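Peer 1:
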Amino acid sequence: MSSRPEAGRPARVLLDAFYIARAHTILAYAAFLGALFIGCALHYKKIVKNGIAGYPEEWFPSVSATIGDWYPERNVFQILIALNSGPRLALVLMQYYLHRNSNSWLPGLVMVAGVIRTLSCGGWVYITSTDDHDAHDVLMIGYIVLNLPWMFGSIANTPAQYTHALRRRRQMATAFFVAMIPMIYFFIQHKVHRIPGAYTKYSFFEWGLIFFDVMFDSAVELEVKAANLQIAMGVSLDRSPEPNDIVPAQTADALAARVTSVSSEVEKVTQVITRADSSEAAVVSPAGSSLDQLRSSANFLSDLYLSFIYWSIFTSLTPTFFYFSVWELAIAGHELSLLSVLSPVLLGVRPFQRWCRTRAGRTALHVLSLVGLGAYKLESPLHRLFAVAFATMVVNVGAAVDWTDTTDKGVGYHSMLMGLGFLLSSIAKHANHSNNPVWPIVNEQSGGYNKTGLLLAVLAICNYAIRASTPPKAKTPAVQSTHESTGSWLRNAISLGTLIFTLHCLIADPSTLIAWSWTGYPIKGPVPHLHGSLTHVAQALGLCLPLLLPSLSNPLWFACGCASAYALYALSDWPGYAGGLGFAVFLMSITPGVLQRTARTGHVAKTYFVAWFVVIVFYFASVFTVAYAFVPGGVYFRERTDLVLLAQMAGIALAFDWSRGKVSASRVSVTRPVRSASFAALSLLCMLSLLVTMYRWPMAVVQPHRPGSRLVRAGIWTVHFGIDNEGRDSQRRMRDLIRDMELDVVGLLETDLHRTVFGNRDLTRVMVEELGFYVDIGPGPNKHTWGAVLLSKFPIINSTHHLLPSPDGELAPAIEAVLDMYGTPVTVVVAHNGQEETPLDRELQAIELARIMSKSYPDPVLYLGYVVTQPLAQRPAPYEIMVTDGRVHDIDETDWDRWCEYIFYRGLYRTAYARVSRSTITDTEMQIGQFVVPRPESGAIVDDHDSRYLRTWKEELPPDHWFPMEYYHETGGVRGHFYHVFDTPLYYKLPEGVAL
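Quick note, in UniProt numbering, the sequence shown goes up one by one and the last residue is 996.
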């Protein structure tokens, strides 16, 4: 610091700019650490206490509790942060001053992000969660999101000669985002699983984010010190600055270094332009104008969105046509629509192929694909199928054109877009309760954002149509490799088709891998709606590998993929899911290389025809492993997922060049701008997925509806794979009825939708998030059942998954769970019995279910299931076996008009029984039983026949025993639901003398 007084003029002060950056660091740490010290000294046990536990289980406070809850630490913190606001904004401006460049808009974007980030920081600091929880959370999430452009943009802008600043920024940014993963994990342990002590572990990582964030910003001090940046204060305004008054932004050495760096970059760019390197995918020009860079970014985002639209339309085809298959329970003929994926064979017509490769032709294909997005407006499922099949034909022709592109940015560019679009479609499902928001099976009422998707698609197509053209490459892929164009097109086609199916089958939805590894309670593995982001991170990491490595040149990489696939299939819980994550990395890493190698064959029509034919074969083979009872020859596919997975690995193996002992499938050629854009997109998509997980955390309190009366209201419902009569997703309609009936325990059947033909969906997402349930999703897709789900308002102590004996027909699932109902362990069994055509299966399954229920006698049992039998039917029919051998009671044996849904119980007092019509949601009604759970000290339960059938009117019972009045038939019901068969719920008295 220096000053130079001058007569009649104010003193001029020169301040080294690094002092301002240092002041920011000191004030920031002083604010947080000061609040932590004062809080621990004055209110230690109060700030470590949370809604789950207190001291000594929780012994370290969170950031929010430290800075926002108590006086005086809150006020000390806010005063110091207020003092820090000036240095913080100055830090942002100084960084922009050092990084500004007339040829790039990135420094300006980073500055804007830094200013907004500072304002959002002030927002969550001064608006605490106690003041306004939503505003606090929105501002906090906004701050974290803005750290992406701030941190990555700052790293990108840092000149190479500022090595210390660059190293600190990279280290702190890496630590910041890596620390978020365990922080989110421990928050889930605290918030969802309510584990004492988990919040303390969460708090350490939360404080770590503060430390890393401030340390990242402190790198500005190193940068301005190296640049010798100074700030002049007190210069008179009545004269022009003298030469000595102008403070250099950088020393001569720093300027020389920057000039040398720029000259080096220009020389590199010139070399790239002049060399005829066939691996480059676009012509690269020196640093262009800001407008050019903005156009380039807009083009990339438009292409990424169009890739997302491709995957959205393609993945919507199978659930659209399989609607007809599940209604027919057989091959219905609509499966022929799957042949629409073979449309690339049309590219064998040379004039048509040439037209498709023109800008006008490709634009026309994009426009025609909008038919698939607009199909949601069609009321008829058949009409929707026609529209989606047509759109699939169009987009597959377009995909074949793009994936063999010899102009624009080339195959490498489109191969990266293919992977990025696939990842984006998976994130969109993760954000929208496992449904793609632009699928035709969803609309505004069922969770769709179809109009928004259409609008964005139109904007992306307009961008594509009007953007400037780039010249074709000097060498086409076909010319580069005569050997591959003549000798290996078949194996490349098989490997591509196998890869496409495997991607769709296993990682099109982030929770599919979790469903494969799920074993029940106590939870020993990932949870579908909370850990799906890990799948996305694995996918992103896999897509990074071909960008970072010029070639995965060792065949051991394929061995790693095989080992991961085996772990996914053979192991459970976290080990099995870890295998799935490794497989996701493997699949995404080879995707760009497989596309590039296939493009070099030069035989577009027959190559892509065979590739998509392989996809069709795998579709049928994979669904026949569970649908074998309904198709000719299905017995040969029965429960053979292992063989299907083995065939998948064999097909993928063809992408590897074993003759030369190296893996050429992973090589990807893209330009530096494309590589940078891909890295940025992958980072943003990963962060978007993590933010979605945070936003979708189930926040509803999980507690029974009537704890004071010790009531349990339980329902059983066969939901027909989550597709209603109109072919729409039925999650929200199911939610509405379950909510209105105030069910505490729900058994759902036909729920395993983690297959390509069902759209890889999870029917529990909406209900778990919005209604508050513990959930056991039952046996996964690798167990070859149609699925069973248990939703419970009571804690699930433990659960066991059963595969019931099925020698002749379909494999039947069962969930045996012990619930903590008001302190009493109650065994709940949810099961799906066999079909009428397989009497031996039904008999053996009934015997096994009776054994499960009887083994806990005389403890309470509640059975909610699908049993194909008539009431009171004698052996070998399932009814007598289950009631007699299982030592349970029918909820009402006089209800003779039943066929497949039954509620049995033991050790509970039944007070009501209702049958509710299905409306148009499914093909089966909902049955509901209401029970009182006796206190453990109440003694032996009175359950003789006469005591169990003391019928009464609802008016003789307390109002909390009444079912909703709106659902009586004479009032018209609600949304098409009403009490039927009896036209009213049946009510029962408690036996006399029973003390509850």
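No residue lacks a Cβ here, since even glycine has one placed at the ideal position from N, Cα and C.
From a predicted model like this one, the values you see are computed outputs, not experimental measurements.
Tell me which same chain residues have a C-beta within less than 7 Å of the C-beta of Gly453, skipping the five on either side of it?
Peer 2: Start at 1 with the first residue of the sequence shown, and residue 453 comes out as number 453. Here the set comprises Leu373, Pro437, Val438.
Peer 1: Return the Cβ separation of His430 and Ser689 in integer angstroms, given the expectation that the two are a contact with Cβ distance under 8 Å.
Peer 2: Position 430 of the sequence shown, counted from the start, is the residue given in the question as residue 430. Position 689 of the sequence shown, counted from the start, is the residue given in the question as residue 689. At roughly 6 Å, the Cβ-Cβ gap stays under 8 Å, so His430 and Ser689 are in contact.
Peer 1: Can you list, in chain order, the residues of its chain whose CB lies under 8 Å from that of Ala387, leaving out five sequence neighbours each side?
Peer 2: Numbered from 1 along the sequence shown, position 387 holds the residue referred to as residue 387. The residues are Val371, Gly372, Gly374, Ala375, Leu378, Pro440.
Peer 1: For the beta strand (DSSP E) holding Asp776, just list the boundary residues, first then last.
Peer 2: As a position in the sequence shown, residue 776 is number 776, starting the count at 1. Element bounds for Asp776: 774–776.
Peer 1: Check each candidate in Tyr774, Ala460, Ala655, Phe637 and name the one with the smallest Cα separation from Lys191.
Peer 2: For this step, residue 191 is matched to residue 191 along the sequence shown. Out of Tyr774, Ala460, Ala655, Phe637, Tyr774 has the C-alpha closest to the C-alpha of Lys191.
Peer 1: Taking the alpha carbon of Gln648 as the reference point, which residue from Ser434, Thr498, Phe609 has its own alpha carbon closest?
Peer 2: In the sequence shown, the residue the question calls residue 648 occupies position 648. When only C-alpha atoms are compared, the closest one is Thr498.
Peer 1: For His99, collect the residues of the same chain with a Cβ closer than 6 Å to its Cβ; drop the 5 residues on either side in sequence, then sort them by chain order.
Peer 2: Along the sequence shown, one-based indexing puts residue 99 at 99. Within the same chain, His99 has close Cβ partners Pro107, Asn157.
Peer 1: When the Cα of Ala817 is compared with those of Ala700, Phe205, Val789, which residue comes out closest?
Peer 2: Stepping through the sequence shown from its first residue, residue 817 is reached at position 817. Ranking the options by Cα distance to Ala817, first place goes to Val789.
Peer 1: Tell me which same chain residues have a C-beta within less than 6 Å of the C-beta of Asp808, skipping the five on either side of it?
Peer 2: The count along the sequence shown starts at 1 and reaches residue 808 at position 808. Here the set comprises Thr838, Leu840, Asp841.
Peer 1: Buried or exposed, going by whether 16 or more other CB atoms sit within 10 Å of the CB of Tyr979?
Peer 2: Counting from 1 along the sequence shown, the entry for residue 979 is found at position 979. With 16 or more Cβ atoms within 10 Å of its Cβ, Tyr979 is classed as buried.
Peer 1: Looking at C-beta atoms only, is the number of pairs between the segment 510–526 and the segment 635–644 that lie closer than 8 Å three or more?
Peer 2: Touching, no, given that fewer than three Cβ pairs across the two stretches are closer than 8 Å.
Peer 1: Give the single residue among Gly780, Tyr628, Glu937, Cys900 whose Cα lies nearest to the Cα of Ala330.
Peer 2: Along the sequence shown, read from residue 1 onward, the residue named residue 330 stands at position 330. Nearest of Gly780, Tyr628, Glu937, Cys900 to Ala330, Cα basis: Tyr628.
Peer 1: To the nearest angstrom, how far is it from the Cα of Asn327 to the Cα of Thr922?
Peer 2: Residue mapping note: residue 327 aligns to position 327 of the sequence shown, counting from 1. Residue mapping note: residue 922 aligns to position 922 of the sequence shown, counting from 1. Inspection of the sequence shows that residue 327 is occupied by Trp rather than by Asn. Approximately 10 Å, taken between the alpha carbons.
Peer 1: Is Ala468 helix, strand or coil by DSSP?
Peer 2: Taking the sequence shown and counting its residues from 1, the one referred to as residue 468 is at position 468. Reduced to three states, the DSSP call for Ala468 is coil.
Peer 1: Does DSSP put Leu790 in a helix, a strand or coil?
Peer 2: In the sequence shown, the residue the question calls residue 790 occupies position 790. Looking at Leu790 - three-state DSSP - the assignment turns out to be strand.
Peer 1: For the beta strand (DSSP E) that contains Asn798, what are its first and last residues?
Peer 2: Start at 1 with the first residue of the sequence shown, and residue 798 comes out as number 798. Looking at the DSSP string, the run of the beta strand (DSSP E) that includes Asn798 is 796–804.
Peer 1: So what does DSSP say about Leu14, is it helix, strand or coil?
Peer 2: Locating residue 14 in the sequence shown gives position 14, where the first residue counts as 1. Three-state result, Leu14: strand.
Peer 1: Quick check on Gln539: does DSSP put it in helix, strand or coil?
Peer 2: Indexing the sequence shown from 1 puts residue 539 at position 539. In this structure, Gln539 counts as helix in the three-state DSSP scheme.
Peer 1: Is Ala508 helix, strand or coil when you go by DSSP?
Peer 2: Counting from 1 along the sequence shown, the entry for residue 508 is found at position 508. In the structure shown, Ala508 sits in coil (DSSP, three-state: anything other than H, G, I, E or B).
Peer 1: What residues in its chain sit with their C-beta under 7 Å from that of Gln703, if we drop five residues either side in the sequence?
Peer 2: Within the sequence shown, the letter at position 703 stands for residue 703. Counting only Cβ-Cβ distances below 7 Å, and skipping sequence neighbours, we find Lys793.
Peer 1: What separation, rounded to the nearest whole angstrom, lies between the Cα atoms of Ala399 and Phe321?
Peer 2: The residue labelled residue 399 in the question sits at position 399 within the sequence shown. The residue labelled residue 321 in the question sits at position 321 within the sequence shown. In a straight line, the C-alpha of Ala399 is about 22 Å away from that of Phe321.
Peer 1: Who are the Cβ neighbours of Pro381 in its own chain at under 7 Å, not counting the five residues just before and after it?
Peer 2: As a first step, residue 381 is located in the sequence shown; it is residue number 381 there, counting from the start. Answer for Pro381: Tyr323, Glu726, Gly727, listed in chain order.
Peer 1: Tyr162: which of Ser446, Val224, Phe211 sits nearest, CA to CA?
Peer 2: As a position in the sequence shown, residue 162 is number 162, starting the count at 1. The option with the nearest alpha carbon to Tyr162 is Val224.
Peer 1: When burial is assigned at 16 or more other CB atoms within 10 Å of the CB, is Met94 buried or exposed?
Peer 2: For the purposes of this step, residue 94 is taken as residue 94 along the sequence shown, with counting starting at 1. When all chains shown are included, Met94 counts as buried.
Peer 1: Assuming Thr827 contacts Pro860 (C-beta within less than 8 Å), just tell me the rounded distance between them.
Peer 2: Locating residue 827 in the sequence shown gives position 827, counting from the first residue. Locating residue 860 in the sequence shown gives position 860, counting from the first residue. Their Cβ separation, rounded to whole angstroms, is 7 Å, which keeps Thr827 and Pro860 in contact under 8 Å.
Peer 1: Taking one C-beta from the segment 746–757 and one from the segment 960–975 each time, how about it: are there three or more such pairs within less than 8 Å?
Peer 2: Short answer: they don't touch.
Peer 1: Out of Val615, Phe609, Ser669, Leu545, state which residue places its alpha-carbon closest to the alpha-carbon of Ala584.
Peer 2: Position 584 of the sequence shown, counting from 1, holds the residue named residue 584. Here the closest residue by C-alpha is Leu545.
Peer 1: Does the Cβ of Asp944 have 16 or more other Cβ atoms within 10 Å, making it buried, or fewer, making it exposed?
Peer 2: The residue given as residue 944 occupies position 944 in the sequence shown. Exposed, because fewer than 16 other Cβ atoms sit within 10 Å of the Cβ of Asp944.
Peer 1: Can you list, in chain order, the stretches of the alpha helix (DSSP H) that have 4 or more residues and sit fully within the segment 685–750?
Peer 2: Counting only runs of 4 or more, we get 731–740.
Peer 1: I'd like to know whether the C-beta atoms of Gln189 and Ile181 end up nearer to each other than 7 Å.
Peer 2: Counting from one through the sequence shown, the residue named residue 189 turns up at place 189. Counting from one through the sequence shown, the residue named residue 181 turns up at place 181. Not closer than 7 Å, so no.
Peer 1: Look at the alpha carbon of Thr869 and the alpha carbon of Thr884, and state the distance between them as a whole number of angstroms.
Peer 2: Position 869 of the sequence shown holds residue 869. Position 884 of the sequence shown holds residue 884. Taking the straight line joining both Cα atoms gives about 15 Å.
Peer 1: Leu89 to Ile309, Cα distance in whole Å?
Peer 2: Within the sequence shown, the letter at position 89 stands for residue 89. Within the sequence shown, the letter at position 309 stands for residue 309. Those two C-alpha atoms are separated by around 41 Å.
Peer 1: Which residues does DSSP pair with Arg906 in a beta bridge?
Peer 2: Translated into positions along the sequence shown, residue 906 becomes position 906. According to DSSP, Arg906 bridges with Val861.
Peer 1: So what's Gln596 in DSSP terms, helix, strand or just coil?
Peer 2: As a position in the sequence shown, residue 596 is number 596, starting the count at 1. It is helical.
Peer 1: Tell me, which residues are paired with Arg915 by DSSP?
Peer 2: Counted from its first residue, the sequence shown places residue 915 at position 915. Per DSSP, Gln927.
Peer 1: Kindly provide the ranges of any alpha helix (DSSP H) runs that are 4 or more residues long and lie completely inside the segment 84–139, ordered along the chain.
Peer 2: Qualifying alpha helix (DSSP H) stretches, in chain order: 106–126.
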